[in-house]
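Residue numbering for the first sequence follows our numbering, starting at 195 and increasing by one per position.
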Amino acid sequence: MSNYDTKTIEPKWQARWDESETFLAVRDESRPKYYVLEMFPYPSGRIHIGHVRNYTMGDVVARYMRATGHNVLHPMGWDAFGMPAENAAMAIGGHPKDWTYSNIATMREQLKPLGLSIDWSREFATCDPEYYGQQQSMFIDFMEKGLVYRKNAVVNWDPIDMTVLANEQVIDGKGWRSGAEVERRELVQWFFKISDYSEELLDAIDNLDNWPAKVKLMQENWIGKSRGAQFSFDIENSPEGFDKIEVYTTRPDTIFGASFVGISPDHPLAKALEANDPAIAEFCAACRKGGTTAEALDKAEKLGYDTGIRAKLGPDVGFVGDLPVYIANFILMDYGTGAIFGCPGHDQRDHDFAKKYDLPIIDAFRPLGSDRDYTYVMPEILAEPYVPTKDEKVEYVRPCKGPDQMTGQEAIDHAISWFEDHGFGKGVTKYRLRDWGLSRQRYWGCPIPVVHCDDCGVVPEKKENLPVKLPDDVTFDIPGNPLDRHPTWRDTECPSCGKPAKRETDTMDTFVDSSWYFARFTSPRADTPTDIDDAAYWMNVDQYIGGIEHAILHLLYSRFFARAMRSCGHLPQGCEEPFDALFTQGMVTHAIFKTPGDDGRPVYHYPEDVDLKDGKGFLKDGTEVDIIPSAKMSKSKNNVVDPVAIIEQYGADTARWFVLSDSPPERDVEWTASGAEAAYKHLNRVHRLSTEIAEGTGTGSDDETLLKAMHKAIQDVTLGVASFGFNASIAKLYGFTNTLAKSKASHAARREAILTLAKLMSPMTPHLAEEIWTMQGETGLITDAAWPKADESLLVEDSVTMPIQINGKRRSEITVPADMEKAEVEKLALANDAVVKALAGGQPKKLIVVPGRIVNVVI
RNA sequence: GCCCGAGUGGCGGAAUGGUAGACGCAGGGGAUUCAAAAUCCCCCGAUUGAAAUAUAUCGUGGGGGUUCAAGUCCCCCCUCGGGCACCA
195 MSNYDTKTIE
205 PKWQARWDES
215 ETFLAVRDES
225 RPKYYVLEMF
235 PYPSGRIHIG
245 HVRNYTMGDV
255 VARYMRATGH
265 NVLHPMGWDA
275 FGMPAENAAM
285 AIGGHPKDWT
295 YSNIATMREQ
305 LKPLGLSIDW
315 SREFATCDPE
325 YYGQQQSMFI
335 DFMEKGLVYR
345 KNAVVNWDPI
355 DMTVLANEQV
365 IDGKGWRSGA
375 EVERRELVQW
385 FFKISDYSEE
395 LLDAIDNLDN
405 WPAKVKLMQE
415 NWIGKSRGAQ
425 FSFDIENSPE
435 GFDKIEVYTT
445 RPDTIFGASF
455 VGISPDHPLA
465 KALEANDPAI
475 AEFCAACRKG
485 GTTAEALDKA
495 EKLGYDTGIR
505 AKLGPDVGFV
515 GDLPVYIANF
525 ILMDYGTGAI
535 FGCPGHDQRD
545 HDFAKKYDLP
555 IIDAFRPLGS
565 DRDYTYVMPE
575 ILAEPYVPTK
585 DEKVEYVRPC
595 KGPDQMTGQE
605 AIDHAISWFE
615 DHGFGKGVTK
625 YRLRDWGLSR
635 QRYWGCPIPV
645 VHCDDCGVVP
655 EKKENLPVKL
665 PDDVTFDIPG
675 NPLDRHPTWR
685 DTECPSCGKP
695 AKRETDTMDT
705 FVDSSWYFAR
715 FTSPRADTPT
725 DIDDAAYWMN
735 VDQYIGGIEH
745 AILHLLYSRF
755 FARAMRSCGH
765 LPQGCEEPFD
775 ALFTQGMVTH
785 AIFKTPGDDG
795 RPVYHYPEDV
805 DLKDGKGFLK
815 DGTEVDIIPS
825 AKMSKSKNNV
835 VDPVAIIEQY
845 GADTARWFVL
855 SDSPPERDVE
865 WTASGAEAAY
875 KHLNRVHRLS
885 TEIAEGTGTG
895 SDDETLLKAM
905 HKAIQDVTLG
915 VASFGFNASI
925 AKLYGFTNTL
935 AKSKASHAAR
945 REAILTLAKL
955 MSPMTPHLAE
965 EIWTMQGETG
975 LITDAAWPKA
985 DESLLVEDSV
995 TMPIQINGKR
1005 RSEITVPADM
1015 EKAEVEKLAL
1025 ANDAVVKALA
1035 GGQPKKLIVV
1045 PGRIVNVVI
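Structure follows, in structure tokens:
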């Protein structure tokens, strides 16, 4: 009897797939194409068990689609630019390029033993000049389309990494990588005009039917559309040149509840005042200093400074009197107009502010049936503002227009038209989404391919001079951008006039690299960014798989890029939404084992040092450890599972099988030693079963039962595999394996069953499946065999057992022929002992028969 | 604060409104073995019960409701997780 020897089996089949170029993707119009993609990895140095889960899921989809007759594209590449390479160069010397390519080589060698059905011929890294050169070419195209611009901008400056961060990269006021408190600086920066697409990116979300609702919602909130009114107050007692304040509001219906006007400390008017008034300057400086962490904002008091300026609406509107103009710390310059009117009666923030500065609280509306009408309320009388939802009907005591009773939304619509009718305001739609600042003052990124010429200004590099390659001779001994201090790299000539000029030294945000790699995979060696025919054939990505952490940034940028690429002719029409279906998978977690240390800090123990017994863990010396279940893997907590060691110990198929079993794919799965062991035992059992069947002969009985179970398994497993129900599929496979192991059917039937089992397992455990295929004397690769089809006629049971409920509680059951008439079933049910007893000679009030399902007798 | 999502045995988790707990882990019992490992078989929600294929009672975070029938649908509440946030 041969053993389940993964060290022989797995490399053998991987070599066979390689030799026969099984996974090479070639255009073939005769078959439907299917493009499955997992988010490509950053080459950090080693693969993580999370990679195993991510790529295994993609591989299951790819192999299943392949078996169902699709021409599958399943590529792999490396998101290879970024700061860790520079950090490594700073920490341990060497060059980011060497560090990166060496990591890629290591990780490729670690990934390959997983037996993924990847077309490795399409592999590339984003730091390959062939890739980033095409990106530069596209950047120039975007410039021509007006999708790129420069502006002086207040940026988030990370003082440790010495770089600019996107808003999205600032988390709680700290740099997403360094954790350093972010500072505000003004620099000339490059931007993509993603805001041009705000409306389109928002509207199109509705059509992303196969995206998780959660991700769609997050994107909607991120784009943040709001409809409101923009209008001006006339101001008096203001500096020269300022006779109006433009404000934006989403609640114009509350205008007659206004009791002050507020402007941001960064508002031009505030800046003008600051220049002449030291007290105001001091106040504004204090506002800017305030931390931007969520915590700091929570605690930050509303601060205001009365400028002495007075504001009023246009002369003939009446009602709203002179309003004091405050500089207030809670008003952001980069949203709306940087100025608001405050309505303390219907806004918590304004309410807080009004209380503090003793400003009037004026109701614009009141709850239906209420008789309150506050025109000026001392804070102690009205503790809270009245803030109903926009679809709640309220009664207006100071309406702009429209009936007295209407919902907030109706009132807003009426108010906007009232503003427009009176000619001092207009309806305006605003988005929270800002343009994408892509400049990075780093070395290890794609150089922005432009030249600064004294005479011609900013000039794009000529395309024939691309790629603008990164120079190799750089050092990282001092912070900042090595490109800035390189002696010669910057020096070039103007592509337009030929005079000496300087290269741009900013490089691109690495999110640019990952915003179009999926398109490049369709023709990775093309000498244009894409080959339009290849793109037309392979796009869109039919199934995209990755972590929820990319729900906003990466996916939104990719959606923008697809549109921008279409407008430059790099993608055909219909690719605006590049990912037809998205699946976000959970993490692989692992328990943390810790004991209290002498200094009070916990000591973390490696899993291999802990013996588990009855749910408790003990060290070798008998000390009990605390167990924290399901924690994110972290090197510092010593709870990282190394996939390489797992593959070494159990083989790739076990690792693949385990990460798919137990938990639904979208949820986190906890890696446990016992679970991995169990997976390994099961695969051993299947292998043993196959050996047994291969060696067996002869006749048996009850083939039909086995074949029925087989077709049921085909049905159930297929359903699971096709819908990301991998854990459910695996449960069915366990069940079918048990049935087969116990079956006394004939050799022919059992052989058919094990072949089907292998086929059904092949997306998850491809090596073992190939092995069984061969053991049973089949020729060719199981990978090339067609997916089994369930025979409908064998799925139908001859007889069914139906529970009988009496008043909704299960009391008995009857077994009847599956096709029995409802009336017959009713008759049988009424004759059932339990029913007869319960009826006690009476008649049921109601008798419900759901054919094939259940009988309910209501008494 | 706002917006989502989730609460089912000791654990991970199954369950088109139709027999709650599939499958796996852990646990218990047995077979095999000189013994062990491996393997195979059986039991395994709680309560009551000496026990039993008990046709007993309770049971899917809590409380109401719709329905012949609710883990599943509706309303309120609690807890946990995630996202966003002085966004006017």
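For each residue, glycine too, the CB sits at the ideal point set by N, CA and C.
This structure is a prediction, so every number in the text was calculated from the model and none was measured.
Query: Contact check, Arg850 vs Thr959, beta carbons under 8 Å; Result: yes
Query: Beta-carbon proximity check, Thr778 vs Ile742, cutoff 8 Å; Result: yes
Query: Between the CA atoms of Pro676 and Ser426 - distance to the nearest angstrom; Result: 48 Å
Query: The beta strand (DSSP E) enclosing Lys906, as first and last residue numbers; Result: It is not in any beta strand (DSSP E) - Lys906 instead sits in the alpha helix (DSSP H) that spans 897-916.
Query: Reduced DSSP category for Tyr568 - H, G, I as helix; E, B as strand; rest coil; Result: coil
Query: Beta carbon of Glu864 nearer than 8 Å to that of Thr783; Result: yes
Query: Assigned exposure category for Ala522 - 16 Cβ within 10 Å defines buried; Result: buried
Query: C-alpha distance - Met996 paired with His905, whole-angstrom precision; Result: 22 Å
Query: Distance, Phe524 Cα to Gly485 Cα; Result: In this prediction, Gly485 has a pLDDT of 46, which is less than 50 and means its spatial position is unreliable; what the coordinates show is noted afterwards. Rounded to the nearest angstrom, the two C-alpha atoms are 12 Å apart.
Query: Inter-stretch contact (C-beta, 8 Å, three-pair minimum) for the stretch 888-908 and the stretch 930-941; Result: yes
Query: Beta-carbon proximity of Pro766 to Ala730, cut-off 8 Å; Result: yes
Query: Local Cβ density within 10 Å of Thr623, reported as buried at 16 or more and exposed below that; Result: exposed
Query: Check whether Asp820 and Thr866 have beta carbons under 8 Å apart; Result: no
Query: Ser296, buried or exposed, once every other Cβ within 10 Å from all chains shown has been counted against 16; Result: exposed
Query: Three CB pairs or more closer than 8 Å across the stretch 209-227 and the stretch 241-248; Result: no
Query: Among Ala209, Cys688, Glu771, Asp721, the one whose alpha carbon lies nearest that of Ala398; Result: Glu771
Query: Neighbourhood of Lys587 by C-beta, 8 Å cutoff - its chain only, sequence neighbours within 5 removed; Result: Leu562, Gln599, Met600, Thr601
Query: CB of His961 within 8 Å of CB of Tyr928, strictly; Result: no
Query: Cβ-based neighbour list, Phe920, same chain, cut-off 6 Å, excluding 5 preceding and 5 following; Result: Leu854, Pro859
Query: Residue environment, Glu430, which counts as buried when at least 16 other CB atoms sit within 10 Å; Result: exposed
Query: Coil, strand or helix - Lys419 by DSSP; Result: strand
Query: Assigned exposure category for Asp492 - 16 Cβ within 10 Å defines buried; Result: Confidence at Asp492 is low in this model, with a pLDDT of 46, below 50, so the placement of that residue should be treated as unreliable; the coordinate-derived value is given next. It is exposed - the Cβ of Asp492 has fewer than 16 other Cβ atoms within 10 Å.
Query: Contact belief for His268 with Asp313 at Cβ below 8 Å, rounded distance in angstroms; Result: 6 Å
Query: Among Val662, Ile948, Lys291, Glu213, the one whose alpha carbon lies nearest that of Val668; Result: Lys291
Query: Bridge-paired residues (DSSP) for Trp630; Result: Phe386
Query: contact_flag[the stretch 699-706, the stretch 302-310] where n(CB pairs < 8 Å) is 3 or more; Result: no
Query: Among Ala903, Ile1042, Ala980, Thr950, nearest to Leu989 - alpha-carbon criterion; Result: Ala903
Query: Check whether Lys387 and Asp629 have beta carbons under 8 Å apart; Result: yes
Query: Minimum C-alpha distance to Pro433 - residue among Lys1021, Thr444, Glu468, Glu414; Result: Glu468
Query: Short Cβ contact (8 Å threshold) for Ile439 with Ala505; Result: yes
Query: Cβ separation of Ser453 and Leu517, assumed to be a contact under 8 Å, to the nearest whole Å; Result: 7 Å
Query: For Leu1041, three-class secondary structure by DSSP; Result: strand
Query: Local Cβ density within 10 Å of Ser717, reported as buried at 16 or more and exposed below that; Result: buried
Query: Among Val911, Glu232, Ser917, the one whose alpha carbon lies nearest that of Phe930; Result: Val911
Query: Cβ pair Gln383, Ser709 closer than 8 Å; Result: no
Query: According to DSSP, residues forming a beta bridge with His799; Result: Phe787
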